[in-house]
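As structure tokens, the structure follows; a few thoughts come after it.
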Amino acid sequence: MIKIKKVVMDSLDTMVRGSNGLYKLESPDNTMKEERYNDLKFIRHILKNFRYLQENLYLNPNEDMQCILIDIRRAFSCIDMTEKDYSILRDFMDGYSLQEIGEMNGFNRSYSSKRIANICEKIKMVLTNES
-4 MIKIKKVVMD SLDTMVRGSN GLYKLESPDN TMKEERYNDL KFIRHILKNF RYLQENLYLN
56 PNEDMQCILI DIRRAFSCID MTEKDYSILR DFMDGYSLQE IGEMNGFNRS YSSKRIANIC
116 EKIKMVLTNE S
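Residue numbers for the sequence shown follow our numbering, beginning at -4 and rising by one.
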């Protein structure tokens, strides 16, 4: 049985280990949703592992993770990003390191990290305003 990457779940202090080996929320409600979406580290982990999580949802259905991925995807359409931001985000979600992203786009790792942080902040604003 494939499990959701632990690195993503470490930032969810409201997660517990389920009997089937998956991580589940004890009681998904709007306050917990808002707390998760206020955590930029959580959003960054979800973005970094987005493709992996999406692919494995079919193998191991997890309703809460499915809702999170839908919310993140919906936030993409609501935020204002440049073409360069879309390119950086796509590369980040495809698993490229910040160093590789910088090299592909002609800047350094630090600037790549700042651009990703800026995108995460925009996503956070959209998600916390919807809650």
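Where is the CB? At the ideal position from N, CA and C, for every residue including glycine. Just so you know, these numbers come straight off a predicted model, no measurement behind them.
Worksheet item: Near arginine 39, what residues of its chain come up, given a Cβ to Cβ distance below 6 Å and the 5 sequence neighbours on each side ignored?
Response: Excluding sequence neighbours, arginine 39 sits near Cys115.
Discussion item. With a threshold of 8 Å, are at least 3 pairs of Cβ atoms found where one atom belongs to the region 39 to 54 and the other to the region 88 to 101?
Written reply: Touching, per the Cβ criterion.
Practice prompt. Report all residues from its chain with a CB closer than 7 Å to the CB of aspartate 66; omit the five preceding and five following residues, and keep chain order.
Written response: Cβ within range, chain order: Leu122.
Practice prompt. Mind reading off the beta-carbon distance from isoleucine 74 to isoleucine 41? Whole number of angstroms is fine, and I expect it under 8 Å.
Written response: The Cβ separation is near 15 Å, so there is no contact.
Worksheet item: Do the CB positions of lysine 119 and tyrosine 32 come within less than 8 Å of each other?
Response: With contacts defined as CB atoms closer than 8 Å, lysine 119 and tyrosine 32 qualify as a contacting pair.
Practice prompt. Using alpha carbons as the reference points, say which of Lys79, Ile111, Ala112, Lys36 lies closest to asparagine 100.
Written response: Scanning Lys79, Ile111, Ala112, Lys36 for the CA closest to the CA of asparagine 100 turns up Lys79.
Discussion item. Measuring straight from C-alpha to C-alpha, what distance separates glutamate 95 and arginine 104?
Written reply: If I take the Cα positions, the gap works out to 8 Å.
Worksheet item: Given a threshold of 16 other Cβ atoms within 10 Å of its Cβ, counted over all protein chains shown, does asparagine 57 qualify as buried or as exposed?
Response: Buried: at least 16 other Cβ atoms inside 10 Å.
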